[in-house]
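Numbered continuously in full-length UniProt numbering, the sequence shown closes out at residue 1007. Every residue, glycine too, gets a C-beta built ideally from N, C-alpha and C.
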Amino acid sequence: MPKITPARPAGCGGGAAARLMHNAAGPALKPGHQAARHSLACRPRQTPPPVPAVPGSPAAANAAAMSRPLSDHEKRKQISVRGLAGVENVSDLKKNFNRHLHFTLVKDRNVATPRDYYFALAHTVRDHLVGRWIRTQQHYYEKDPKRIYYLSLEFYMGRTLQNTMVNLGLENACDEATYQLGLDMEELEEIEEDAGLGNGGLGRLAACFLDSMATLGLAAYGYGIRYEFGIFNQKISGGWQMEEADDWLRYGNPWEKARPEFTLPVHFYGRVEHSSQGAKWVDTQVVLAMPYDTPVPGYRNNTVNTMRLWSAKAPNDFNLKDFNVGGYIQAVLDRNLAENISRVLYPNDNFFEGKELRLKQEYFVVAATLQDIIRRFKSSKFGSRDPVRTSFDAFPDKVAIQLNDTHPSLAIPELMRILVDLEKLDWEKAWDVTVRTCAYTNHTVLPEALERWPVHLMEALLPRHLQIIYEINQRFLNRVAAAYPGDMDRLRRMSLVEEGGVKRINMAHLCIAGSHAVNGVARIHSEILKKTIFKDFYELEPHKFQNKTNGITPRRWLVLCNPGLAEAIAERIGEDYISDLDQLRKLLSYVDDEAFIRDVAKVKQENKLKFAAYLEREYHVHINPSSLFDVQVKRIHEYKRQLLNCLHVITLYNRIKKEPNKFFVPRTVMIGGKAAPGYHMAKMIIKLITSIGDVVNNDPVVGDRLKVIFLENYRVSLAEKVIPASDLSEQISTAGTEASGTGNMKFMLNGALTIGTMDGANVEMAEEAGEENFFIFGMRVEDVDRLDQRGYNAQEYYDRIPELRQIIEQLSSGFFSPKQPDLFKDIVNMLMHHDRFKVFADYEAYIQCQEKVSDLYKVSRALGWGSLGGPGSRGGSRAALSLSLEPPGMDPHGDQEHRHLREVLQRPDDRPVCAGDLGRGAEPPAPGGPRRSDLRTRAPGICCFRAAASPAPRPPSGPSLLFLWGRAWSSSSPTWAKTAIKSVPKAASLVPFPVSAGSRAWGRGYF
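In structure tokens, the structure reads:
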């Protein structure tokens, strides 16, 4: 495995002119060589006369074998990718780079642009994926494992080039090859567009899951929409957010592969006919779904999974009658309307609006995906002639569908429609198959964010599905009535159909009724679901509800974005931790290693210097690199409480102005995130942040002691820059409102300390690292509940806290908006009279906790902030590593945790694995089924776990110093991964497998 090293510094290849001169003289093919090659290619091939073979000799046998017709199996072996050469060294990379520049892009070095060089490099790296990608699908086809289908309307992938190089182990070779070609790797990486197909955490979590499932070697597929325009580009003009279209595909996407042969029809509108043969959906409008596949490589394990995104296309005969009667223009416009389904990603403002286009998008991805899943199920190795497959008896054993929030919830009625109307299964059997196949992840506790579609809209757009939902609801309420006789209020609360002014379908209720598992994304979030939002459902079916704490992939969020820190760790404990974060416990051996602590501190300071230079270049703001980098980057929303951060900044400003000669810890406050275009209050918060920055940054009394910067157009690639440079991570949502959060984990893994409330994943992180090592402040969930019961009154805090009162007066008087004194009246009015998220209630505790942060930073700067933590630590003492030995979120690979699997593997016995072990209930072990020893050897990376008599002791708690917050953090086991774990392939040794002759799946079943 190549050594992890930081990327070559930008500019090391010399200036652009120097690089081009180097290129012209060096790596490009010389005209003479090209002419010689072409002349050789055109010359007739000279072949020697055949030599007769001796009868009975091996040569004669071979000749006889070659003369007979080839079988289907032999033909397929001939077109196998087994013989494709891999890109293994710098020389190969350079040759392939030039080949793609010339033959793929049709350019030479005289006319090529930097973007052409990026595309040539991307195609070169992708070449190294293709063989593994095809072999992975061959392997899945041959072994026929249970497949995991992750349905999400968002996949916030970010950039692909560097992540692919890291996972393939090509980063150093590519860096050297580009250097020898006279190019700069970092410049090429910056050219790539972010694939911004998500609003924030939901889409980024989906991307991390795909990376982790590939690293685990699971047969997994991601399904979503190929939005032509992703999340908008944010521009700040005059302090206001302006939205620009994110035309991320305008130059093309070298990583995707169109699959027009798998185009599928999706139906809308129409009516339902009932007959003795059952229901039939007729007179529909058809839109075609064309798939685009993107490879998702695992970390150095030969597995390359697939993310399939659908693009809407109008059929060729679309409104042909209009063409014939002269309505050409209208027909073209209607065609464009059909293709609008995949045109733009809807911004998520957590305020659901029943818009038809959004509902079309949700059904579009579900309908196309289920057709594709069933095609693959039927066209598998045995499916075309296996009566069990055609009867769908084995469908839940071969297919696991995970619904990422309620957006793909229409998968439940759509699967029922296919099974009942098209496959002619009876209702009970179809419902059993559907429930056993689907699982649902909830991502929010905010009632306004739960989807509720108007019945009249669904009736017009999806009439058959509305009938199916009514039937599901009736049968479900019959069960509820049998369990709770006479409880009419409970029936009303649990109904899938909400009565009222506008009758609506509650999609979360539909997901719970139609899934075998429902999970929250952090322990506190899961408890809130069970105790409040879904309390009635939990009481009816408690076995369905689980917790799966979210997580991140350490490849992107450590190795890729912070190579210096990754190398410092690898030099001490090796590189296994990259796919097994549990290995980080070995750092306990370096508790007293001052060289290690110095290395980590040096990396942090280098990251800060690099980001400070980026800010000066991009934002024209000069900051003090030795200041405390205080960062809050996430969607702009009231519940995330960027306003509380603003109040602290103004407090610091007022204190500096009051005592200008007093020492204050220099602090650079950075806030970034996008506001949904229609979310007025979020946009006002951005304007307030920029207005505060205008005042603070230009006050000569303040100087470098305080800077406020709004990070424009926050996205994945910007997160990869700011997170490694951060000292303090702001996770300050009101307790009980953040489902989980993953930004907290990314900051922690890169050495930032956390200031936050006991909300979301913060709770579990603080428990494992010790609350003394977190800057925890403010109300707990129970405190918020008590405050709600007695009534929250902002006026009490305003009257009692002088500094808070001064801030509100400044906002009201136009101190930060002198040209528009009443500009922030809406913010003041909200804070004073209808603040659901209780900013004032946590103000005092937050300010006091921030003072502790400053005190610690003062004493820790000499040793390096990234090595320190815990407000009780002794200044100047050597760092002690406080690694949590059993973090809830760490799996054997350091990815989305297969926690249940780890428990199975650690059991000392070797009895057969039963379904109960795999998360499907306490069924008896199947004869000849897998044993624990099989799982230890089959699952890549899992073999590091062995039976242990007792867990290792946890380091003593109490005031301590902390490295990287002393722990590795990742997510919990997804339900669909647990139930599908029998299908883990031996991905480390993928090879082409023969395919049964005559199977129609060849060329269609693989993908």
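Beta carbon of L688, beta carbon of F816: below 9 Å? Reading the sequence shown from its first residue, position 688 is the one you call residue 688. Reading the sequence shown from its first residue, position 816 is the one you call residue 816. The Cβ atoms of L688 and F816 lie closer than 9 Å to each other.
Can you give me the C-alpha to C-alpha distance between residue 1018 and D630, rounded to a whole angstrom? In the structure as shown, the chain starts at 1 and stops at 1007, and residue 1018 therefore has no counterpart that could be examined.
Taking the straight line between their C-alpha atoms, what separation do you get for G200 and I231? Taking the first residue of the sequence shown as 1, we reach residue 200 at position 200. Taking the first residue of the sequence shown as 1, we reach residue 231 at position 231. Straight-line spacing of the CA atoms in G200 and I231 works out to 9 Å.
Given that a residue counts as buried once 16 or more other Cβ atoms are within 10 Å of its Cβ, and exposed if not, what is E618? Translated into the one-based positions of the sequence shown, residue 618 becomes position 618. In the assembly as shown, E618 is an exposed residue. Its beta-carbon has fewer than 16 other beta-carbons within 10 Å.
Leaving out the 5 sequence neighbours to the left and right, which residues in its chain are closer than 7 Å to I469 when beta-carbon positions are compared? Residue numbering aside, residue 469 sits at position 469 when the sequence shown is read from its first letter. Within the same chain, I469 has close Cβ partners P413, L496, I505 and L510.
So, with DSSP's three-state summary, where would you put R715? Within the sequence shown, the letter at position 715 stands for residue 715. Note: R715 maps to coil in three-state DSSP.
Element boundaries [alpha helix (DSSP H), containing I827]: Walking along the sequence shown from the start, residue 827 turns up at place 827. I827: member of the alpha helix (DSSP H) spanning K825 to H833, first to last residue.
DSSP state of A53 mapped onto helix, strand, coil: Residue 53 sits at position 53 when you count from the first residue of the sequence shown. The predicted position of A53 is uncertain, since its pLDDT is 48 and thus under 50; a value taken from the coordinates is nonetheless stated next. Taken through DSSP and simplified to helix, strand or coil, A53 comes out as coil.
As a quick exercise: from I148, A173 and L461, pick the residue whose alpha carbon is nearest that of V125. Within the sequence shown, numbered from 1, the residue matching residue 125 stands at position 125. Of the residues I148, A173 and L461, the one whose Cα lies closest to the Cα of V125 is A173.
Work out the CA separation of V166 and R555 for me, nearest whole Å. Here residue 555 corresponds to residue number 555 of the sequence shown, with the count starting at 1. Here residue 166 corresponds to residue number 166 of the sequence shown, with the count starting at 1. Cα to Cα, R555 sits roughly 7 Å from V166.
Do I191 and the ligand GDP come close, with the Cβ less than 8 Å from some heavy atom? For the ligand GDP, the structure offers nothing, since it holds no ligand at all.
Can you tell me the Cα-Cα spacing of L181 and T160, whole angstroms? Counting from 1 along the sequence shown, the entry for residue 181 is found at position 181. Counting from 1 along the sequence shown, the entry for residue 160 is found at position 160. If I take the Cα positions, the gap works out to 21 Å.
Excluding five sequence neighbours on each side, which residues of the same chain lie with their C-beta closer than 6 Å to the C-beta of T444? Stepping through the sequence shown from its first residue, residue 444 is reached at position 444. So the qualifying residues of the chain are A739.
Can you list, in chain order, the residues of its chain whose CB lies under 6 Å from that of V366, leaving out five sequence neighbours each side? As a working mapping, residue 366 is identified with position 366 in the sequence shown. Cβ within range, chain order: P408, L410, A411 and E414.
Taking 8 Å as the limit between beta carbons, can you name the residues of its chain near V101, skipping five residues before and five after? Within the sequence shown, the letter at position 101 stands for residue 101. Val is not the amino acid found at residue 101; the sequence shown has Leu there. K107, D108, R109, A112, D116, Y117 and A120, listed in sequence order.
Exposed or buried, I532, counting other C-beta atoms within 10 Å across all chains shown (16 or more means buried)? Within the sequence shown, residue 532 is the residue found at index 532, counting from 1. Per the sequence shown, the amino acid found at residue 532 is Thr instead of Ile. Taking every protein chain shown into account, the CB of T532 has fewer than 16 other CB atoms within 10 angstroms, so this residue is exposed.
Just to confirm, is the Cβ distance from P291 to T263 under 9 Å? Counting from 1 along the sequence shown, the entry for residue 291 is found at position 291. Counting from 1 along the sequence shown, the entry for residue 263 is found at position 263. In this structure, P291 places its C-beta atom within 9 Å of the C-beta atom of T263.
Who are the Cβ neighbours of H622 in its own chain at under 6 Å, not counting the five residues just before and after it? Locating residue 622 in the sequence shown gives position 622, counting from the first residue. Hits under 6 Å: E616.
If the criterion is Cβ atoms closer than 9 Å, does the pair G736 and D785 meet it? Residue mapping note: residue 736 aligns to position 736 of the sequence shown, counting from 1. Residue mapping note: residue 785 aligns to position 785 of the sequence shown, counting from 1. In this structure, D785 lies closer than 9 Å to G736 by Cβ.
Restricting to runs no shorter than 4 residues, where is the alpha helix (DSSP H) found entirely within the segment 764-818? Given a length threshold of 4 residues, each whole run of the alpha helix (DSSP H) inside the segment 764-818 is given here in chain order: 781-790, 794-800 and 802-813.
Using the Cα positions of R490 and A513, report the straight-line distance between them to the nearest angstrom. Sequence index remark: in the sequence shown, residue 490 carries index 490 (1-based). Sequence index remark: in the sequence shown, residue 513 carries index 513 (1-based). Those two C-alpha atoms are separated by around 15 Å.
For T294, tell me which candidate among R452, A258 and R479 has the shortest Cα-Cα distance. Start at 1 with the first residue of the sequence shown, and residue 294 comes out as number 294. If we check each option's Cα against that of T294, A258 comes out closest.
Ordered list of alpha helix (DSSP H) runs contained in the segment 149-199, each at least 4 residues: Within the segment 149-199, the complete alpha helix (DSSP H) segments of 4 residues or longer fall at 161-168, 171-180 and 185-191, listed in chain order.
Rounding to the nearest angstrom, what Cα-Cα distance links I528 and W427 in this structure? Working through the sequence shown from its first residue, we reach residue 528 at position 528. Working through the sequence shown from its first residue, we reach residue 427 at position 427. In this structure, the straight-line span from the alpha carbon of I528 to that of W427 is close to 33 Å.
Out of curiosity, what's the CA-to-CA distance linking Y149 and G131? Walking along the sequence shown from the start, residue 149 turns up at place 149. Walking along the sequence shown from the start, residue 131 turns up at place 131. Taking C-alpha positions only, Y149 is separated from G131 by approximately 23 Å.
Residues bridged to L671 by DSSP? For the purposes of this step, residue 671 is identified with residue 671 of the sequence shown, where counting begins at 1. Note that residue 671 is Ile in the sequence shown, not Leu. According to DSSP, I671 bridges with Q632 and F710.
What's the gap between the Cα of S379 and the Cα of F392? Your numbering for residue 379 matches position 379 in the sequence shown. Your numbering for residue 392 matches position 392 in the sequence shown. In this structure, the straight-line span from the alpha carbon of S379 to that of F392 is close to 13 Å.
Buried versus exposed, by CB contacts within 10 Å (16 or more), W248: Position 248 of the sequence shown holds residue 248. The residue in question, W248, is buried, as its Cβ has 16 or more Cβ neighbours within 10 Å.
How long is the line joining the alpha carbons of L105 and D826, rounded to whole angstroms? Counting from 1 along the sequence shown, the entry for residue 105 is found at position 105. Counting from 1 along the sequence shown, the entry for residue 826 is found at position 826. Approximately 54 Å, taken between the alpha carbons.
Would you say L744 and S729 are within 9 Å of each other, going by their C-beta atoms? Translated into the one-based positions of the sequence shown, residue 744 becomes position 744. Translated into the one-based positions of the sequence shown, residue 729 becomes position 729. Sequence inspection shows Asn at residue 744; the Leu mentioned does not correspond to that position. Contact: yes.
Sequence-distant residues of the same chain with beta carbon closer than 7 Å to I191, five excluded per side: Taking the first residue of the sequence shown as 1, we reach residue 191 at position 191. Within the same chain, I191 has close Cβ partners P114, R115 and Y118.
CB contact flag (residue 1089, L706, <9 Å): Residue 1089 lies beyond the residue range present for the chain, which begins at 1 and ends at 1007; the question has no answer from this structure.
Hey, which unbroken runs of the alpha helix (DSSP H) at 4 residues or more fall wholly within the segment 585-651? Within the segment 585-651, the complete alpha helix (DSSP H) runs of at least 4 residues are 594-619.
Beta-carbon within less than 7 Å of Y614's beta-carbon, same chain only, minus the 5 sequence neighbours each way: which residues are those? Start at 1 with the first residue of the sequence shown, and residue 614 comes out as number 614. Closer than 7 Å at the Cβ level, and outside the excluded window around Y614, lie K721.
Residues that L728 bridges to, as DSSP identifies them: One-based indexing of the sequence shown puts residue 728 at position 728. Per DSSP, the beta-bridge partners of L728 are D630 and L753.
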